[in-house]
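Numbering (the working numbering), first residue to last: 56 to 313.
Glycine included, every Cβ here is placed at the ideal spot set by N, Cα and C.
Being a predicted model, the structure only gives us computed values, none of them experimental.
What follows is a short report on a single structure.
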Ligand code: ADE
């Protein structure tokens with residue numbers, strides 16, 4: 056069956072199983088398919104057909120997972136739920152950043168092309184789908200508004216931010232590196248709120264296929280000297296619950312996939 060002959064579906068990507076398991080627990084009629092050595096879970100969330108995928112870590116792995124979701128499973132939109140390191144001042148652990156657009160902070164084909172520009176695309180930044188991003192932002196706002204309840208997994212005082220996210224094949228784990236990365240981006244006119252390792256790759260694949268993309272990242276660490284301690288703790292204990300809460304709000308608000 057060609058992708059266009061299949062009923063289309065919403066794909067939800069997470070980087071790691073720990074970030075995905077809350078969604079998997081809720082999946083109705085779950086069945087697994089393995090493609091390119093990766094497990095994909097198909098089923099229904101809130102009555103909508105979905106495919107859950109793991110990008111794993113890094114841009115190459117994320118690219119392949121996104122291409123399989125679109126080319127093999129016929130995903131008509133992709134939502135990424137994961138974690139990121141906070142870069143800009145005021146982006147705290149426990150906050151959520153919804154991506155407006157993405158840049159690859161480690162892409163440098165200068166002097167052939169300007170630093171950060173994706174060669175032959177003529178641009179450095181890939182925009183997320185505005186309508187899907189608006190729905191995701193509203194879903195995150197609603198989910199975080201419940202943080203005052205004792206049963207809520209959402210951290211007290213957590214805020215939703217929207218802006219540029221920088222992706223690269225590095226775990227940023229010192230305040231020094233974080234400052235250098237921010238200063239270099241800033242010098243080229245880019246102010247990134249957060250850093251992670253996959254989103255820009257998925258944004259580029261989605262742009263190439265004309266598939267809607269939106270992404271939310273919960274801040275697990277400040278990309279500083281304690282990031283390597285904060286990240287695994289947050290991923291193990293909190294990330295999946297944020298993803299589940301926000302997807303619970305998002306799924307019923309999505310128009311039926313086309
Ligand atoms: N994802 C979460 N924290 C990160 C960091 N500090 N660097 C890169 N990716 C991350």
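Where in the region 230-308 do unbroken runs of the alpha helix (DSSP H), each at least 4 residues long, occur, reported from the N-terminal end onward?
230-242, 254-264, 282-289 and 295-305
Residue 226 to residue 280 span [Cα, whole Å]
11 Å
Is the number of C-beta pairs between the region 235-248 and the region 102-109 that are closer than 8 Å three or more?
no
Report the rounded CA-to-CA distance for residue 278 versus residue 187, giving the unit in angstroms.
28 Å
Do the region 175-185 and the region 150-159 meet, that is, are 3 or more Cβ pairs less than 8 Å apart?
yes
Between the CA atoms of residue 236 and residue 308 - distance to the nearest angstrom
36 Å
If you count every other CB in all the chains shown that lies within 10 Å of the CB of residue 5, and 16 or more means buried, which is it?
The first residue shown for the chain is 56 and the last is 313, placing residue 5 beyond what the model contains.
Let me know the secondary structure DSSP gives residue 155 once reduced to three states.
strand
What residues match up with residue 100 in a beta bridge as DSSP calls it?
103
With a threshold of 8 Å on Cβ separation, who are the neighbours of residue 190 within its own chain once the five nearest residues in sequence on each side are excluded?
Answer for residue 190: 269, 305, 308 and 309, listed in chain order.
How would you write the range of the alpha helix (DSSP H) that residue 188 sits in, first residue to last?
185-199
Please return the same chain residues whose Cβ sits closer than 8 Å to the Cβ of residue 112, not counting the five positions on each side in sequence.
The answer, listed in chain order, is 70, 71, 252 and 253.
Answer yes or no: does any C-beta atom of chain B fall closer than 8 Å to that of residue 100?
No chain B appears in this structure, which consists of one protein chain only.
Is the Cβ-Cβ distance between residue 209 and residue 297 less than 8 Å?
yes
In whole angstroms, what separates the C-alpha of residue 150 from that of residue 285?
14 Å
For residue 59, which residues of its own chain have a beta-carbon under 6 Å away from its beta-carbon, when the five flanking residues on both sides are left out?
Note that residue 59 scores 45 on pLDDT, short of 50, meaning its location in the model is unreliable; the coordinates nonetheless yield the value given after this. The answer is none, since no qualifying residue turns up.
Pick from 238, 267, 228 and 256: whose alpha carbon is nearest that of residue 275?
228
Which residues have a Cβ closer than 7 Å to any heavy atom of the ligand ADE, listed in chain order?
Qualifying residues, in the order they occur: 138, 139, 140, 225, 226, 227, 228, 250, 251, 252, 275, 276, 278, 282 and 286.
Identified DSSP bridge partners for residue 163
According to DSSP, residue 163 bridges with nothing at all.
Residue 84: which of 74, 99 and 76 sits nearest, CA to CA?
99
Report yes if the C-beta distance between residue 215 and residue 153 is below 8 Å; otherwise report no.
yes
Can the beta-carbon of residue 117 be found closer than 8 Å to that of residue 65?
no
Measuring CA to CA, which of 73, 128, 75 and 184 is closest to residue 89?
128
Could you name the residues that DSSP lists as bridge partners for residue 109?
According to DSSP, which records beta bridges pairwise, residue 109 is partnered with 69.
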